[in-house]
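Below you'll find the structure, written out as structure tokens, and then a few comments.
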Amino acid sequence: MSPLSRDQLARVVAADIPANSYANLGIGMPTGVAKFLRPEQGVTLHSENGILGMTALPEGQTPDVDLINASRELVTLTPGASICDHVVSFSMMRGGHIDVTILGGFQVSVEGDLANWDTGVAGAIPAVGGAMDLVAGAKQVFVMMQHTDRDGQSKLVTECTYPLTGKAVVAKVYTDLAILEVKHDRFVVRGMIAGMTFEQLQAVTAAPLEMAVDCHTIEV
Amino acid sequence: MNKIVQSLSEAVDGIADGSTLLLGGFGSSGVPLELMQALLDTGVTDLTVVSNSAGGGPMGLSQLIEAGKVRKLICSYARSLNAKTPTAAAFEKRYRAGQIELELVPQGTMAERLRAAGAGMGPFFTPTAYGTRLAEGKETRVINGRGFVLEEPLHADVAFVKAHLADPLGNLTYRYAGRNFAPVMCMAAKLTVAQVDRVLAVGDIEPEQVMTPSIFVQRVVECEHVPIIP
Numbered sequence: 000m001s002p003l004s005r006d007q008l009a010r011v012v013a014a015d016i017p018a019n020s021y022a023n024l025g026i027g028m029p030t031g032v033a034k035f036l037r038p039e040q041g042v043t044l045h046s047e048n049g050i051l052g053m054t055a056l057p058e059g060q061t062p063d064v065d066l067i068n069a070s071r072e073l074v075t076l077t078p079g080a081s082i083c084d085h086v087v088s089f090s091m092m093r094g095g096h097i098d099v100t101i102l103g104g105f106q107v108s109v110e111g112d113l114a115n116w117d118t119g120v121a122g123a124i125p126a127v128g129g130a131m132d133l134v135a136g137a138k139q140v141f142v143m144m145q146h147t148d149r150d151g152q153s154k155l156v157t158e159c160t161y162p163l164t165g166k167a168v169v170a171k172v173y174t175d176l177a178i179l180e181v182k183h184d185r186f187v188v189r190g191m192i193a194g195m196t197f198e199q200l201q202a203v204t205a206a207p208l209e210m211a212v213d214c215h216t217i218e219v
Numbered sequence: 000m001n002k003i004v005q006s007l008s009e010a011v012d013g014i015a016d017g018s019t020l021l022l023g024g025f026g027s028s029g030v031p032l033e034l035m036q037a038l039l040d041t042g043v044t045d046l047t048v049v050s051n052s053a054g055g056g057p058m059g060l061s062q063l064i065e066a067g068k069v070r071k072l073i074c075s076y077a078r079s080l081n082a083k084t085p086t087a088a089a090f091e092k093r094y095r096a097g098q099i100e101l102e103l104v105p106q107g108t109m110a111e112r113l114r115a116a117g118a119g120m121g122p123f124f125t126p127t128a129y130g131t132r133l134a135e136g137k138e139t140r141v142i143n144g145r146g147f148v149l150e151e152p153l154h155a156d157v158a159f160v161k162a163h164l165a166d167p168l169g170n171l172t173y174r175y176a177g178r179n180f181a182p183v184m185c186m187a188a189k190l191t192v193a194q195v196d197r198v199l200a201v202g203d204i205e206p207e208q209v210m211t212p213s214i215f216v217q218r219v220v221e222c223e224h225v226p227i228i229p
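Heads up: the sequence lines are chains Z and D, in that order.
Each step along the first sequence adds one to the number in numbering that gives the first Met the number 0, with nothing skipped, and position 57 is 56.
Each step along the second sequence adds one to the number in numbering that gives the first Met the number 0, with nothing skipped, and position 120 is 119.
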């Protein structure tokens with residue numbers, strides 16, 4: 000049994016983004032989802048700095064310093080792309096126009112609370128960016144993260160101990176071990192990596208789990 | 000009317016100590032780097048700076064912070080994006096030493112507070128940050144079952160933006176994502192200074208291509224911009 004690599008996880012998330020949707024990928028790990036989107040999916044990527052319709056810069060293409068994504072990576076526009084200013088861009092986010100956003104997370108609770116901007120640790124410097132606007136307005140919020148932190152602590156919790164980004168906002172969580180749906184007092188396990196048992200997953204998760212009747216093995 | 004000034008020093012002339020200064024730019028694009036550096040050469044200090052991030056590398060805002068010119072920073076992203084190549088090192092140092100005040104604002108709330116200021120609006124309710132630490136100390140209200148936070152307009156004395164083309168009246172266009180906060184910042188400040196790649200004659204920017212109408216711009220300076228490679 001081996002946990003999903005970042006790329007494998009990104010591929011799993013990419014496959015689950017609804018066809019023909021407008022999607023926003025958060026900074027860090029979610030940015031890696033872009034390269035696994037299939038053109039026939041018809042997904043239009045939004046970036047908070049005013050881009051609607053972009054893709055990773057293909058190798059060999061000359062970069063333009065005025066075309067970057069929220070992670071400050073160089074991108075290129077797709078046919079039919081548009082550029083807008085911050086007011087319009089955040090109206091897309093806050094105003095309920097973005098179909099799905101994929102965000103990184105420090106912690107997700109059974110209620111769908113998300114903590115992803117400040118560890119609250121003394122000396123930590125906070126950085127919220129556009130995360131609070133996205134969770135306030137995107138139609139669906141998916142979180143993509145490691146199942147446990149560097150110390151082996153579960154990032155899926157009954158209640159977040161870190162400062163919140165939003166309350167009851169997350170619909171689904173993708174980790175390197177499982178795909179889980181938020182269901183008020185527990186997480187419903189929709190998929191697990193090959194070779195993992197429900198008991199093993201529960202043992203590394205600090206929140207109640209329920210196995211979905213159609214729980215599947217995550218294909219990589 | 001001619002808003003063109005001949006030098007960067009003229010462009011930043013007369014800015015008072017204690018001013019609130021808006022800085023356009025997101026990541027490497029749309030950063031009014033040369034205006035910031037010109038400001039560094041003046042004696043202006045005690046600034047409140049509004050910028051999306053706390054610095055985009057060692058140049059620009061980081062230089063102003065390092066030189067002790069910034070009393071308070073209002074931003075959405077105060078730490079370096081990548082710890083390996085810290086972009087906000089100067090801020091982090093002063094912040095940890097207790098030498099700079101930080102007001103962290105969600106990015107969309109920052110844009111909307113600037114918009115409210117520029118559009119003559121009063122405070123407004125936003126769902127962003129409701130139920131979080133960033134709403135603490137602010138008035139909140141549940142309207143039709145949804146929680147909102149009351150936010151104040153963000154007025155400023157000065158805005159520095161980087162645009163692509165300008166005409167002598169102050170009409171501006173931007174390149175790609177270099178636009179970001181610039182249009183709304185031009186509206187929210189009493190004095191907007193635009194550094195531009197090129198000045199065209201009046202009438203050479205098609206009216207429907209103008210992205211910031213001239214009424215929001217007071218000074219334009221043409222200058223060679225050194226692109227920041229991300």
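Just so you know, even glycine gets a beta-carbon here, dropped at the ideal spot from N, CA and C.
If you're wondering where the values come from, they're calculated on a predicted model, not measured in any experiment.
DSSP bridge partner residues for residue i (one or two, in chain order)
i: residue 221/D; result: 195/D
i: residue 74/D; result: 103/D
i: residue 23/Z; result: 45/Z, 100/Z
i: residue 123/D; result: 150/D
i: residue 173/Z; result: 143/Z, 178/Z
i: residue 113/Z; result: 107/Z, 165/Z
i: residue 210/Z; result: 188/Z
i: residue 142/D; result: 145/D
i: residue 161/D; result: 194/D
i: residue 155/Z; result: 107/Z
Pairwise C-alpha distance: residue j and residue i
i: residue 176/D; j: residue 51/Z; result: 10 Å
i: residue 115/Z; j: residue 25/Z; result: 11 Å
i: residue 128/Z; j: residue 117/Z; result: 11 Å
i: residue 36/Z; j: residue 214/D; result: 43 Å
i: residue 2/D; j: residue 97/Z; result: 40 Å
i: residue 174/D; j: residue 162/D; result: 7 Å
i: residue 105/Z; j: residue 141/D; result: 28 Å
i: residue 34/Z; j: residue 183/D; result: 32 Å
i: residue 40/Z; j: residue 170/Z; result: 21 Å
i: residue 159/D; j: residue 172/D; result: 15 Å
i: residue 166/D; j: residue 123/D; result: 35 Å
i: residue 43/Z; j: residue 90/D; result: 35 Å
i: residue 82/Z; j: residue 145/Z; result: 33 Å
i: residue 201/D; j: residue 95/D; result: 49 Å
i: residue 219/D; j: residue 76/D; result: 29 Å
i: residue 18/D; j: residue 71/D; result: 11 Å
i: residue 61/Z; j: residue 10/Z; result: 26 Å
i: residue 49/Z; j: residue 97/D; result: 34 Å
i: residue 101/D; j: residue 21/Z; result: 34 Å
i: residue 69/Z; j: residue 46/Z; result: 6 Å
i: residue 55/D; j: residue 38/Z; result: 33 Å
i: residue 5/D; j: residue 221/D; result: 8 Å
i: residue 34/D; j: residue 223/D; result: 11 Å
Neighbourhood of residue i by C-beta, 7 Å cutoff - its chain only, sequence neighbours within 5 removed
i: residue 2/Z; result: 175, 176, 192
i: residue 159/Z; result: 106, 108, 112, 114
i: residue 189/Z; result: 178, 179, 180, 211, 214
i: residue 8/Z; result: 143, 173, 175
i: residue 95/Z; result: 136, 138
Residue i, enclosing alpha helix (DSSP H) - first and last residue
i: residue 28/D; result: First-last for residue 28/D: undefined, no H or E at that position.
i: residue 11/Z; result: 5–15
i: residue 200/Z; result: 197–202
i: residue 135/D; result: Where residue 135/D is concerned, there is no enclosing alpha helix (DSSP H), given that its DSSP letter is neither H nor E.
i: residue 63/D; result: 60–65
Close Cβ partners of residue i (< 6 Å) along its chain, the five nearest in sequence each way excluded
i: residue 25/D; result: 51, 179
i: residue 119/Z; result: 161, 162
i: residue 189/D; result: 156
i: residue 17/Z; result: none
Run of the beta strand (DSSP E) containing residue i, from where it starts to where it stops
i: residue 96/Z; result: First-last for residue 96/Z: undefined, no H or E at that position.
i: residue 106/Z; result: 106–108
i: residue 189/Z; result: 185–191
i: residue 37/Z; result: No beta strand (DSSP E) contains residue 37/Z, which DSSP labels as neither H nor E.
i: residue 277/D; result: Here chain D has residues from 0 to 229 only, and residue 277/D is not among them.
i: residue 90/D; result: Note, residue 90/D: premise wrong, no beta strand (DSSP E); alpha helix (DSSP H) at 88–95.
i: residue 81/Z; result: 74–82
i: residue 46/D; result: 46–49
i: residue 10/D; result: It is not in any beta strand (DSSP E) - residue 10/D instead sits in the alpha helix (DSSP H) that spans 7–10.
i: residue 184/D; result: Element bounds for residue 184/D: not the beta strand (DSSP E) but the alpha helix (DSSP H), 181–187.
i: residue 51/Z; result: 50–55
Neighbourhood of residue i by C-beta, 8 Å cutoff - its chain only, sequence neighbours within 5 removed
i: residue 55/Z; result: 33, 34, 72, 74, 75
i: residue 110/D; result: 180, 183
i: residue 139/D; result: 129, 146, 147, 148, 149
i: residue 185/Z; result: 109, 206, 207, 208, 209
i: residue 103/Z; result: 25, 26, 27, 28, 29, 115, 142, 143, 144
* In chain order, which beta strand (DSSP E) runs of at least 3 residues are fully inside the region 121–152 of chain Z? -> Those beta strand (DSSP E) runs which fall completely within the region 121–152 of chain Z and span 3+ residues are 139–143.
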